[in-house]
Amino acid sequence: MTIAFPSVTGTGSNVTATGFVLNELIREAFDVIGVGSEGEPINADMYRRGKMSAQLMTQSWNAMDDLWRRTQRTITPVINQAAYVLSPKPMRVLSARRKQLSGGYETPMTEWSRQEYLDMPNKLSSPSTPVNFYYDPQRETGTLYLWPAPSSAVYSQISVIVDELRPMFIMDDSNDTLDMPPEWQETFVMNLAKRLKLKYPVNDPGLDVKVDELADALFARLKAWDNEPASIYLQPDNWGAPWR
Numbered sequence: 001m002t003i004a005f006p007s008v009t010g011t012g013s014n015v016t017a018t019g020f021v022l023n024e025l026i027r028e029a030f031d032v033i034g035v036g037s038e039g040e041p042i043n044a045d046m047y048r049r050g051k052m053s054a055q056l057m058t059q060s061w062n063a064m065d066d067l068w069r070r071t072q073r074t075i076t077p078v079i080n081q082a083a084y085v086l087s088p089k090p091m092r093v094l095s096a097r098r099k100q101l102s103g104g105y106e107t108p109m110t111e112w113s114r115q116e117y118l119d120m121p122n123k124l125s126s127p128s129t130p131v132n133f134y135y136d137p138q139r140e141t142g143t144l145y146l147w148p149a150p151s152s153a154v155y156s157q158i159s160v161i162v163d164e165l166r167p168m169f170i171m172d173d174s175n176d177t178l179d180m181p182p183e184w185q186e187t188f189v190m191n192l193a194k195r196l197k198l199k200y201p202v203n204d205p206g207l208d209v210k211v212d213e214l215a216d217a218l219f220a221r222l223k224a225w226d227n228e229p230a231s232i233y234l235q236p237d238n239w240g241a242p243w244r
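To convert, note that position 18 of the sequence shown is 18 in the working numbering; the numbers rise steadily by one, no gaps.
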């Protein structure tokens with residue numbers, strides 16, 4: 001028996017996702033709490049307030065770890081240089097690998113804490129093959145430090161691949177689209193509505209509660225979905241050692 005699956009690409013009824021722009025998302029959020037739902041206009045000041053709430057919420061959500069925001073960049077080492085400014089600044093560096101340009105062999109590098117890196121006395125005096133890294137995420141810039149610094153013998157033979165968590169772009173223009181997967185749009189709207197009702201109180205207590213409940217439920221469902229369904233293997237340390 002042959003099973004025919006529906007198309008997942010195309011136009012019209014086969015479109016899989018629609019990207020709504022900032023003004024549409026704001027209007028929908030106001031509509032959820034009953035503002036503008038009867039066709040009354042939403043004025044410029046209301047759009048401004050809605051835009052501010054949307055931007056602040058997006059910036060807060062940048063502190064989450066989302067699979068779809070994980071990306072990679074390649075750093076070209078410079079002889080005897082330990083510090084490399086990463087622009088645009090990532091929220092976090094999740095891991096780093098040293099890659100041999102000849103053959104493409106990749107070796108995981110060990111992450112250090114700030115204190116571990118600062119405690120090293122020979123940050124530049126003994127260049128060699130980098131084996132450790134430390135990421136310093138300051139307010140305006142993010143800097144990756146390699147230790148030891150690349151020597152003249154190895155700097156041109158390797159690159160460093162950084163796996164990082166990028167920030168979401170903040171919507172500013174009225175026609176900007178959400179920097180999230182399409183399945184996040186309803187969650188974004190409901191959580192924006194949850195914030196807007198603090199500025200525009202909802203008179204219906206039942207609606208007020210429903211907005212909060214749906215916003216929280218949608219957010220929890222998507223965060224539960226946003227994980228890697230891979231197996232995790234655990235084993236005791238010092239296998240076979242006696243208990244103490």
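All residues carry an ideal CB built from backbone N, CA and C; glycine is no exception.
DSSP on residue 3, reduced to helix/strand/coil?
Position 3 of the sequence shown, counting from 1, holds the residue named residue 3. Summary for residue 3: the model assigns pLDDT 45, below 50, so the residue's position carries little reliability, and this model does not support an answer.
Based on Cα-Cα distance, which residue from 235, 182, 142 lies nearest to residue 19?
Within the sequence shown, residue 19 is the residue found at index 19, counting from 1. For the residues 235, 182, 142, the minimum Cα distance to residue 19 belongs to 182.
Rounded straight-line distance, which links the Cα of residue 185 to that of residue 15
Mapped onto the sequence shown, residue 15 falls at position 15. Mapped onto the sequence shown, residue 185 falls at position 185. Any reading at residue 15 needs caution, since the residue's pLDDT is 47, under 50, leaving its predicted position unreliable; the model's value is listed next. Taking C-alpha positions only, residue 15 is separated from residue 185 by approximately 16 angstroms.
Looking at residue 26 and residue 98, is the spacing between their C-beta atoms short of 9 angstroms?
As a first step, residue 98 is located in the sequence shown; it is residue number 98 there, counting from the start. As a first step, residue 26 is located in the sequence shown; it is residue number 26 there, counting from the start. Not in contact: residue 98 and residue 26 (Cβ atoms no closer than 9 angstroms).
Is the distance from the Cβ of residue 161 to the Cβ of residue 59 below 9 angstroms?
For the purposes of this step, residue 161 is taken as the residue at position 161 of the sequence shown. For the purposes of this step, residue 59 is taken as the residue at position 59 of the sequence shown. The answer is no: Cβ separation not under 9 angstroms.
Does any residue of chain D bring its CB to less than 9 angstroms from the CB of residue 63?
Going by chain labels, chain D is absent from the structure shown, which holds only one protein chain.
Between the alpha carbons of residue 106 and residue 69, how many angstroms are there, rounded?
Taking the sequence shown and counting its residues from 1, the one referred to as residue 106 is at position 106. Taking the sequence shown and counting its residues from 1, the one referred to as residue 69 is at position 69. Whole-angstrom Cα-Cα distance: 23 angstroms.
Can you have a look at residue 194 and say buried or exposed, based on whether 16 or more other CB atoms are within 10 angstroms of its CB?
Taking the sequence shown and counting its residues from 1, the one referred to as residue 194 is at position 194. That one is buried.
Which runs of the alpha helix (DSSP H) at least 4 residues long sit entirely within the segment 211-238? Give them in chain order.
Considered as a whole, the segment 211-238 harbours no complete run of any alpha helix (DSSP H) with no fewer than 4 residues.
Using CA coordinates, which residue listed in 189, 153, 141 is at the minimum distance from residue 167?
Mapped onto the sequence shown, residue 167 falls at position 167. The option with the nearest alpha carbon to residue 167 is 141.
Can you give the Cα-Cα distance for residue 172 and residue 164, rounded to whole angstroms?
Numbered from its first residue, the sequence shown carries residue 172 at position 172. Numbered from its first residue, the sequence shown carries residue 164 at position 164. The straight-line gap from Cα to Cα measures roughly 24 angstroms.
For residue 232 and residue 66, what's the separation of their Cα atoms in angstroms?
To locate residue 232, count along the sequence shown from 1; it is residue 232. To locate residue 66, count along the sequence shown from 1; it is residue 66. Cα-Cα distance, rounded: 19 angstroms.
Among 132, 154, 137, 136, nearest to residue 147 - alpha-carbon criterion
Translated into the one-based positions of the sequence shown, residue 147 becomes position 147. The residue with the shortest Cα to Cα distance from residue 147 is 132.
Please check the pair residue 198 and residue 29, which I expect to be a contact at CB under 8 angstroms, by giving their CB distance rounded to whole angstroms.
Taking the sequence shown and counting its residues from 1, the one referred to as residue 198 is at position 198. Taking the sequence shown and counting its residues from 1, the one referred to as residue 29 is at position 29. Taking the Cβ atoms as the reference, residue 198 lies roughly 12 angstroms from residue 29, outside the contact range of under 8 angstroms.
Less than 6 angstroms between C-beta atoms, sequence neighbours within five positions excluded: which residues of the same chain meet that for residue 85?
In the sequence shown, residue 85 corresponds to position 85, counting from 1. Once the five neighbours on either side are set aside, the close Cβ partners of residue 85 are 141, 143.
My understanding is that residue 79 touches residue 150, with C-beta atoms under 8 angstroms, so please give their C-beta distance in whole angstroms.
Residue mapping note: residue 79 aligns to position 79 of the sequence shown, counting from 1. Residue mapping note: residue 150 aligns to position 150 of the sequence shown, counting from 1. Correct: roughly 6 angstroms between the Cβ atoms.
Evaluate residue 126 with the Cβ neighbour count: other Cβ atoms within 10 Å of its Cβ, from every protein chain shown; 16 or more gives buried, anything less gives exposed.
Residue numbering aside, residue 126 sits at position 126 when the sequence shown is read from its first letter. It counts as exposed.
Less than 8 angstroms between C-beta atoms, sequence neighbours within five positions excluded: which residues of the same chain meet that for residue 61?
On the sequence shown, position 61 is the one that residue 61 refers to. Excluding residues within five positions, the ones whose Cβ falls inside 8 angstroms are 168.
Same chain, Cβ closer than 6 angstroms to residue 176, neighbours up to 5 away in sequence not counted:
Residue numbering aside, residue 176 sits at position 176 when the sequence shown is read from its first letter. Contacts found: 22.
Can you tell me where the beta strand (DSSP E) with residue 89 in it begins and where it stops?
Sequence index remark: in the sequence shown, residue 89 carries index 89 (1-based). First-last for residue 89: undefined, no H or E at that position.
Which runs of the beta strand (DSSP E), 3 residues or longer, sit entirely within the segment 66-144?
70-75, 83-86, 92-100, 106-108, 132-137
Using the Cβ count rule (16 or more neighbours within 10 Å means buried), how would you classify residue 234?
Mapped onto the sequence shown, residue 234 falls at position 234. Exposed: under 16 other Cβ atoms inside 10 Å.
For residue 35 and residue 93, what's the separation of their Cα atoms in angstroms?
Against the sequence shown, residue 35 aligns to sequence position 35. Against the sequence shown, residue 93 aligns to sequence position 93. Residue 35 and residue 93: Cα-Cα distance of roughly 42 angstroms.
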